[in-house]
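Worksheet: one structure, shown below.
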Amino acid sequence: MKNILLLVHADDGQEARLQTALDLTRALDGHLTCIDVTQSPVVAGDLYAGFGEAVMLTDERENEAKNRAALTERLSHEDVRWDWTDATGDIASCVLEAATLADLIVLNRTLDAYPLPDMRTIASRILMHARKPIVAVPENLERLNAAGRALIAWDGQASAADTMRACVPLLQLASDVHIFMARDGAEKTEPTEAAEYLSRHGVHASVKIVDDGLHAPDALIAEEAALWHADYVLMGAYSHGRLLEAFGGVTKRMLTKSKLPLVLGH
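And the structure:
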């Protein structure tokens, strides 16, 4: 796990994304690739739609050019290896094209203070097609402590196991690892088996299982993360049906409400 891909965009969450990506790149002794996406504007169709789109695209490119100048200057003084790619189009497609050799992709939970683009939809597309873990970052996050406490939200499904396996290099950096499961009877793999797997990689995890049919799993995960003082939560995407359509309700609510970085896989 060496190649970190960072979505760059001039928005309120950029600093949190950047700091998270820098923290991960340093901790993993990796390489940071920044992809700066200029979004293609969408204007309601009328006689002036083409002109409006052209003006908006020009403005967006100018904003991103200023953003690139500021960030490349900053990165030149950081102690990480990095490169930069510019792209124009929709965010998911541009990130997917750049993610072929990425090991970990850093995104926001939301983008700007508007309902569109919906980063949950973007994240689901990227997870579905890139098949790489993403880090969904809260907009007010100051840093990600990779050497801190990692909580694995375990549901016993293949996505949780695949995410855990892919992130073993990250988990090996953690001071403590805790596997938490809110049992619902659909588990295919027990959390104790996950702990045994990790132990063979030098990661010794504690395990906690709760049987609670009254509260949603995301509420129980958030409560456990707070009580255990987790630095980040690692989980497979809870979903039913096609992930491309939408995350399951658990993952959607975690993306919406979580105060911690989420490492998500599928």
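Each residue of the sequence shown is one higher than the one before, starting from -15 at the first, in our numbering. Glycine included, every Cβ here is placed at the ideal spot set by N, Cα and C. These figures come from a predicted structure and were not determined experimentally.
Annotation for residue 198: no alpha helix (DSSP H) segment contains it, and DSSP assigns it neither H nor E. Annotation for residue 196: 166 and 204 place their beta carbon closer than 7 angstroms to its own, counting only its chain and skipping 5 residues before and after.
In this structure, DSSP gives residue 24 a state outside helix and strand, which the three-state scheme calls coil. For a cut-off of 8 angstroms, the C-beta gap from residue 250 to residue 143 is around 5 angstroms, short enough to register as a contact.
With contacts defined as CB atoms closer than 7 angstroms, residue 91 and residue 107 qualify as a contacting pair. Counting only the Cα atoms, residue 46 lies some 13 angstroms from residue 71. Per the coordinates, the alpha-carbon of residue 134 lies some 15 angstroms from the alpha-carbon of residue 175.
Of all C-beta pairs linking the stretch 215 to 222 to the stretch 184 to 196, fewer than three are shorter than 8 angstroms, placing the two stretches out of contact. Secondary structure at residue 82: helix, using DSSP grouped into helix, strand and coil. Within the same chain, -8, -7, -6, -2 and 20 come within 8 angstroms of residue 51 by CB-CB distance, once the 5 residues on both sides are set aside. The DSSP-derived three-state label of residue 5 is helix.
Annotation: the continuous beta strand (DSSP E) that includes residue 160 extends over 160 to 166.
Distances from the CA of residue 58 to each of 138, 3, 81 and 11 were compared; the closest alpha carbon is that of 3. In the three-state DSSP reduction, residue 206 falls in the helix class (H, G or I). CA-to-CA, the gap between residue 9 and residue 42 works out to about 32 angstroms.
With distances taken between CA atoms, residue 12 lies nearest to 155 out of 124, 155 and 201. Between residue 75 and residue -11, the C-beta spacing is not below 7 angstroms. Residue 233 carries a helical assignment under DSSP once its states are collapsed to helix, strand and coil. Around the CB of residue 73, fewer than 16 other CB atoms lie within 10 Å, so the residue is classed as exposed. Between residue 153 and residue -15, the CB-CB gap stays under 7 angstroms.
The DSSP-derived three-state label of residue 190 is strand. When 60, 67 and 121 are compared, the shortest CA-CA separation from residue -4 is found for 121. In the three-state scheme derived from DSSP, where H, G and I count as helix and E and B as strand, residue 250 is classed as coil. Residues of the same chain with a CB within less than 6 angstroms of the CB of residue 65, apart from the 5 flanking positions on each side, are 15 in chain order. Here residue 17 is bridged, per DSSP, to -11 and 67.
Residue 44 holds the alpha-carbon nearest to the alpha-carbon of residue 23 among 44, 179, 7 and 6.
Counting along the chain, residue 244 sits inside no alpha helix (DSSP H), nor does DSSP assign it H or E at all. In terms of Cβ geometry, residue 157 and residue 131 form a close pair [threshold 7 angstroms]. Taken atom to atom, the span from the alpha-carbon of residue 243 to that of residue 60 is near 30 angstroms.
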